[in-house]
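The sequence shown: position 17 = 18 (the working numbering), numbered continuously. All residues carry an ideal CB built from backbone N, CA and C; glycine is no exception. Computed from a predicted structure; not experimentally measured.
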Amino acid sequence: MNNFEIMKILTKIEKDFPVNTWEVDGVHIWPLIRNGLSYNLFSLPTTDLVVSDSTSKCRIFKRGFSLIKQNIDYIKTYIWDFRKNDKINNRQADVLFLNNTGCRRNLKDVWYDVFCDPIIEKLNNEQISHFVLEWNNSKYRMPRNNKSKLIQPFIDYIRIKTKLIKKNKKYQCTLSGLEEFNKYLQSIDARIELYTSEELCREYHFLDELARRFSKDIKVLKPKIAFVSIYYTDVDLAFILACKRNNVITVDIQHGVQGRWQSAYGQWSNIPSNGYELLPDVFWNWSQVEFDAILEWSQSNGKHHPFVGGNLFLEQWLDQSSAMIKHYDNIINVGLRNKQTSKITVLYTSNYGKIPKYMIDVIKSSSDIFTWWIRIHPGMIEKMNIFEDDLKQEGLTDVEIQLPTTLPLPALIRYCDVHITAYSTVVLEAEKFGVASVVTDKSSTYRYGEQINSGVVIEEYEDGDLISAIKKQALHSKRLKNVIYTSYNREEVNVIRNLFEVIEKIKDKSKKTI
Numbered sequence: 002m003n004n005f006e007i008m009k010i011l012t013k014i015e016k017d018f019p020v021n022t023w024e025v026d027g028v029h030i031w032p033l034i035r036n037g038l039s040y041n042l043f044s045l046p047t048t049d050l051v052v053s054d055s056t057s058k059c060r061i062f063k064r065g066f067s068l069i070k071q072n073i074d075y076i077k078t079y080i081w082d083f084r085k086n087d088k089i090n091n092r093q094a095d096v097l098f099l100n101n102t103g104c105r106r107n108l109k110d111v112w113y114d115v116f117c118d119p120i121i122e123k124l125n126n127e128q129i130s131h132f133v134l135e136w137n138n139s140k141y142r143m144p145r146n147n148k149s150k151l152i153q154p155f156i157d158y159i160r161i162k163t164k165l166i167k168k169n170k171k172y173q174c175t176l177s178g179l180e181e182f183n184k185y186l187q188s189i190d191a192r193i194e195l196y197t198s199e200e201l202c203r204e205y206h207f208l209d210e211l212a213r214r215f216s217k218d219i220k221v222l223k224p225k226i227a228f229v230s231i232y233y234t235d236v237d238l239a240f241i242l243a244c245k246r247n248n249v250i251t252v253d254i255q256h257g258v259q260g261r262w263q264s265a266y267g268q269w270s271n272i273p274s275n276g277y278e279l280l281p282d283v284f285w286n287w288s289q290v291e292f293d294a295i296l297e298w299s300q301s302n303g304k305h306h307p308f309v310g311g312n313l314f315l316e317q318w319l320d321q322s323s324a325m326i327k328h329y330d331n332i333i334n335v336g337l338r339n340k341q342t343s344k345i346t347v348l349y350t351s352n353y354g355k356i357p358k359y360m361i362d363v364i365k366s367s368s369d370i371f372t373w374w375i376r377i378h379p380g381m382i383e384k385m386n387i388f389e390d391d392l393k394q395e396g397l398t399d400v401e402i403q404l405p406t407t408l409p410l411p412a413l414i415r416y417c418d419v420h421i422t423a424y425s426t427v428v429l430e431a432e433k434f435g436v437a438s439v440v441t442d443k444s445s446t447y448r449y450g451e452q453i454n455s456g457v458v459i460e461e462y463e464d465g466d467l468i469s470a471i472k473k474q475a476l477h478s479k480r481l482k483n484v485i486y487t488s489y490n491r492e493e494v495n496v497i498r499n500l501f502e503v504i505e506k507i508k509d510k511s512k513k514t515i
């Protein structure tokens with residue numbers, strides 16, 4: 002299902018069912034259900050699939066093997082990157098971060114968290130103390146740019162414990178209308194997983210136990226603010242719950258597409274009077290567009306607040322005098338641009354999975370007029386050799402894939418004429434640098450409505466004339482880049498002070514309502 006279809010279903014559910022009253026142990030759990038349901042709807046296969054017992058057993062074996070491998074990787078990282086291991090001891094920190102290793106990108110041979118580290122740099126400038134908890138669901142990336150405490154082992158322990166050992170405490174559930182809710186889901190598609198009070202209690206049990214563990218660190222550190230970068234994972238939800246229990250304001254940093262049609266961020270219409278314990282207090286937005294999408298549903302309740310903080314990592318790359326920019330300019334000029342002619346440079350960003358056949362055909366038929374840079378999905382980097390072999394088998398030996406995939410995205414975008422993708426969030430980064438995009442997936446209508454209306458993005462589906470669309474957007478990029486760089490202003494707004502002012506207002510308002 003696409004975003005529009007999913008949002009229509011969610012809006013109907015929030016209108017027809019008392020989701021704002023659904024509680025387990027006094028915690029409103031609709032955010033847990035809504036985000037999980039959205040993922041299930043998006044992932045529904047187009048055909049009926051039958052999973053055999055052997056496949057299920059194989060999946061369990063793979064998970065077990067992955068867990069062992071991940072913990073070995075943890076030990077290696079802990080030892081090899083020992084200087085970047087942080088300890089709480091009895092110290093306190095004004096700001097606490099929960100980051101994910103997957104958000105790190107390689108910058109000058111260190112792994113930089115593109116969401117948290119720019120904020121940390123600004124905190125350091127203001128002499129505001131911080132502490133970072135880091136979890137991981139992929140491969141560890143080291144050396145780390147800033148210190149952090151690696152916490153994945155205790156997350157794994159709690160996950161296994163809550164799956165294998167029955168809880169001693171019996172949670173009180175309030176789930177009026179759940180049976181009718183399940184019937185509605187079945188009417189949409191019989192393959193949708195249904196929700197039972199037992200299953201919801203099991204899911205909540207993990208959140209509760211992990212929140213209790215996070216609370217131990219929070220009670221020592223005594224932070225005023227806590228940041229997450231992907232609030233809707235179960236680990237982040239547990240962290241938010243722990244912060245709420247300890248009266249710590251939570252902030253979700255935008256990490257990709259938001260807006261009205263993104264189910265985790267848009268059109269929440271049925272909210273408890275005191276807000277949701279599993280939603281952040283503040284949403285750090287990149288622009289006014291995302292701010293308005295949050296404000297549309299949050300202003301009537303006043304418990305969840307948007308804040309325009311900007312995309313701090315990308316903004317660093319607009320300053321032409323930056324030493325970091327010059328470093329990567331040299332790499333690109335030597336490694337990529339010395340091979341270029343007067344051709345249009347096209348950056349293709351793939352989504353998770355193989356490069357689709359229609360894109361291979363477009364690349365083949367346009368190699369005489371376009372220079373192609375291919376950037377594979379970050380989750381597929383370890384399989385880059387497979388992508389390279391596939392391209393060679395197709396006879397595409399002059400396509401660049403290694404450097405475009407491994408270089409920082411902003412370094413790359415600055416030298417592109419056009420960006421093309423199915424629906425990657427790189428559309429937003431490209432817009433920041435005046436690079437127009439072509440999108441080939443119909444869901445982009447709802448993901449990038451603002452950009453489509455402005456012409457920064459045009460839709461051209463796989464059966465359309467993609468080559469003409471790319472040429473058209475190359476001309477548009479020339480005009481956009483001229484505006485972006487001539488209007489760049491180095492004068493900084495102190496977003497940290499602004500954020501603290503917003504948070505103080507939230508606290509004052511909360512005191513008045515008590």
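For Q263, count the other beta carbons within 10 Å of its own beta carbon; 16 or more makes it buried, fewer makes it exposed. Which is it?
buried
Using a threshold of 8 Å, state whether the C-beta atoms of N90 and P154 are closer than that.
no
In the DSSP assignment, find the unbroken beta strand (DSSP E) run with L97 in it and report its ends.
Following the DSSP letters along the chain, one finds L97 inside the beta strand (DSSP E) bounded by residues V96 to N101.
Write down every uninterrupted run of the beta strand (DSSP E) in the segment 435 to 486 whose length is 3 residues or greater and which is fully enclosed by it, in chain order.
437 to 440 and 458 to 460
The alpha helix (DSSP H) enclosing N135, as first and last residue numbers
It should be noted that the sequence gives Glu, not Asn, for residue 135. Element bounds for E135: not the alpha helix (DSSP H) but the beta strand (DSSP E), H131 to W136.
Quick check: what's the CA-CA separation for L337 versus T102?
Computed Cα separation, rounded: 28 Å.
If you drop the 5 nearest sequence neighbours on each side, which residues of the same chain put their C-beta closer than 7 Å to that of L500?
Excluding residues within five positions, the ones whose Cβ falls inside 7 Å are F308 and G310.
Which term fits Q474, buried or exposed, when burial requires 16 or more other beta carbons within 10 angstroms of its beta carbon?
buried
So, is P144 buried or exposed, given that buried needs 16 or more other C-beta atoms within 10 angstroms?
exposed
For the beta strand (DSSP E) containing I254, list its first residue and its last residue.
For I254, the enclosing beta strand (DSSP E) has its first and last residue at I250 to I254.
When DSSP labels each residue in this structure, what does I497 get in the three-state scheme?
helix
Report the option in Q173, E278, R261 and L11 whose CA atom is closest to the CA atom of T251.
E278
Would you grab the beta carbon distance between F314 and V347 for me? Rounded to a whole angstrom, and I think it's under 8 Å.
Not really, about 24 Å apart at Cβ, beyond 8 Å.
Is the distance from the Cβ of H306 to the Cβ of V290 below 8 Å?
No, they are not a contact pair.
Residues in its own chain within less than 7 Å of N312 by CB, not counting five upstream and five downstream?
W287 and K433
Answer with buried or exposed for H328, where buried requires no fewer than 16 other C-beta atoms within 10 angstroms of its C-beta.
exposed
Selected residue, minimal CA-CA separation from K355, among R106, R376 and K63
When the alpha-carbon of K355 is set against those of R106, R376 and K63, the nearest one is in R376.
Would the beta-carbon of N137 fall within 8 Å of that of W112?
no
How is K150 classed by DSSP in three states: helix, strand or coil?
strand
Excluding five sequence neighbours on each side, which residues of the same chain lie with their C-beta closer than 7 Å to the C-beta of E460?
V440, S445, T446 and I453
In chain order, each beta strand (DSSP E) run of at least 3 residues that lies wholly inside the segment 307 to 356:
345 to 350
When DSSP labels each residue in this structure, what does W298 get in the three-state scheme?
helix
So what does DSSP say about Y359, is it helix, strand or coil?
Looking at Y359 - three-state DSSP - the assignment turns out to be helix.
By a C-beta neighbour count over all protein chains shown, 10 Å radius and 16 as the cutoff for buried, is R261 buried or exposed?
buried
Where E297 and N271 are concerned, what is the direct C-alpha to C-alpha distance, given to the nearest angstrom?
One C-alpha to the other measures close to 13 Å.
Continuous alpha helix (DSSP H) assignments of at least 4 residues falling wholly in the segment 164 to 219
Segments of the alpha helix (DSSP H) lying fully in the segment 164 to 219: 179 to 189.
Three CB pairs or more closer than 8 Å across the segment 161 to 179 and the segment 125 to 132:
Touching, no, given that fewer than three Cβ pairs across the two stretches are closer than 8 Å.
Buried or exposed: where does Q300 fall if 16 or more other Cβ atoms within 10 Å of its Cβ makes it buried?
Flag for Q300 reads exposed.
Thinking C-beta only, is L404 closer than 8 Å to E430?
No, these two residues do not count as a Cβ contact at 8 Å.
Would you mind working out which of S351, L124 and E210 sits nearest R498, comparing C-alpha positions?
L124
With H, G and I counted as helix, E and B as strand and the rest as coil, what does DSSP make of E24?
Three-state result, E24: strand.
Do three or more CB pairs link the segment 316 to 324 to the segment 388 to 401 at distances below 8 Å?
no
With the cut-off set at 8 Å, would you say I1 and N36 are in Cβ contact?
Within the shown structure, residues of the chain are numbered from 2 to 515, placing residue 1 beyond reach of any answer.
Member of S368, Y141, I189 and S149 whose CA lies at the smallest distance from the CA of G396
S368
Tell me which same chain residues have a C-beta within less than 6 Å of the C-beta of A239, skipping the five on either side of it?
L208, L211 and A212
Cα-Cα separation between G435 and K162, rounded to whole angstroms
50 Å
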